[in-house]
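The structure appears below as structure tokens.
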Ligand code: NAD
Ligand code: UDP
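Residue numbers (my numbering): 1345 to 1679.
And the structure:
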């Protein structure tokens, strides 16, 4: 049984990845400071998998503790999810974002080095591409993030590349996620944002459950089929399985950058329609001006993931919406 250290393992993507890891025969060792998740998620993962989880409340800046955990559990690789992800907050509080996402990662990498562990899978984001110059977005599309959150992701990518240049023993995989949505089909774990959701699908599901009166649609004058923004939504379970592939292949990955998306874009109105069908709820919405910094359309070219990982997304938007609704209706106020 291979032990894998999961930073941010009680968060949205981390928790789903832990479930998939266990189901693939791995043993996740979770560390999280619970700044954006709850301890209860560990119980939920245990309930889904029937397996006892090792969890330590720990900040990624705590180098000594991480070094100890890696050695104590003989971890064979790290999947690094921990970080802040709210674009708006990153614009108003850049230091908080550079400190947690960049300095935090440097501490983690330092702890790994001291413990003699040199294998890491990193959660990056399609945000690093910025405004698309061409579509679909391939991994060699130029990077030019338009917000500070994206800049912190790019900074970490660059640090990882430099580490590999200095010491080619490192094995590194950078995963650039498109728009993760959906939930585990048990309804026990899902996206559970604190406060007012920034992202589209948690907002829609909170409208459906009566927590919000209506959705504001940011812009209906884009150059898209119906005027609303288009994104590549990917089911979190497909995304989680992409991480299993990265772990399976880690010994051959020398700084590989890989998109995880479906290759198809859907508009805001199409997502609403699909969610209404899955939930049998009407979603009230109002059109508002464009959100600052939003791009019109983006979607991935996922062919590199297919080639290197033999991975492709399998679940469609109907599945995504059904699973979001099951999660939200079973947990109307979150966990
Ligand atoms: P999340 O907030 O649900 O999970 C992140 C977890 O990290 C949380 O449980 C939080 O408590 C923990 N954490 C934050 N700072 C920490 C620290 N200093 N020490 C220890 N734990 C800490 O977010 P998520 O949606 O699961 O995202 C996971 C990763 O994927 C993040 O790095 C995010 O930037 C990246 N990502 C997310 C998306 C998305 O849309 N959800 C898209 C692209 C990339
Ligand atoms: N969106 C919206 N209302 C919201 C949240 C999002 O209209 O309350 C739109 C947003 O303008 C974009 C799409 O939904 O076109 C996806 O936004 P999200 O924030 O989920 O992802 P990102 O913009 O980071 O890709």
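Every residue gets a Cβ at the ideal spot worked out from N, C-alpha and C, and that includes glycine.
On a predicted model such as this, the values are computed, not experimentally measured, just so you know.
Placement of the Cβ of residue 1380 at a distance of less than 7 Å from at least one heavy atom of ligand 1 is found. The straight-line gap separating the alpha-carbon atoms of residue 1349 and residue 1457 is approximately 14 Å. Residue range 1580-1593 is occupied by the alpha helix (DSSP H) that includes residue 1584, with no beta strand (DSSP E) assigned at that position. In the assembly as shown, residue 1384 is an exposed residue. Its beta-carbon has fewer than 16 other beta-carbons within 10 Å.
In this structure, the CA atom of residue 1496 is about 31 Å from the CA atom of residue 1388. Between the segment 1596-1604 and the segment 1504-1516, the count of C-beta pairs closer than 8 Å reaches three or more; the two stretches touch. Among the bridge pairs identified by DSSP, residue 1466 is matched with 1424 and 1518.
The three-state reading of DSSP puts residue 1530 in coil, since its state is none of H, G, I, E or B.
Distance from the Cα of residue 1560 is smallest, within the candidate group 1372, 1413 and 1548, for 1548.
Cα atoms of residue 1650 and residue 1364: separation of roughly 19 Å, rounded to the nearest angstrom. Scanning 1427, 1668, 1358 and 1416 for the CA closest to the CA of residue 1552 turns up 1668.
Between residue 1671 and the set 1492, 1414 and 1546, the nearest pair of CA atoms involves 1546.
Within the model, the alpha-carbon separation for residue 1511 versus residue 1450 is close to 15 Å. By DSSP's assignment, residue 1523 forms a beta bridge with 1577. Straight through space, the alpha carbons of residue 1563 and residue 1509 are spaced by roughly 43 Å. Around the C-beta of residue 1488, fewer than 16 other C-beta atoms lie within 10 Å, and the residue is accordingly described as exposed. No Cβ-Cβ contact shorter than 8 Å links residue 1566 with residue 1607. Distances from the CA of residue 1539 to each of 1369, 1352 and 1379 were compared; the closest alpha carbon is that of 1379. Residue state for residue 1635 is assigned as coil, using DSSP reduced to three classes.
By the Cβ criterion, the segment 1572-1580 is not in contact with the segment 1401-1410, since fewer than three pairs of Cβ atoms, one from each stretch, lie closer than 8 Å.
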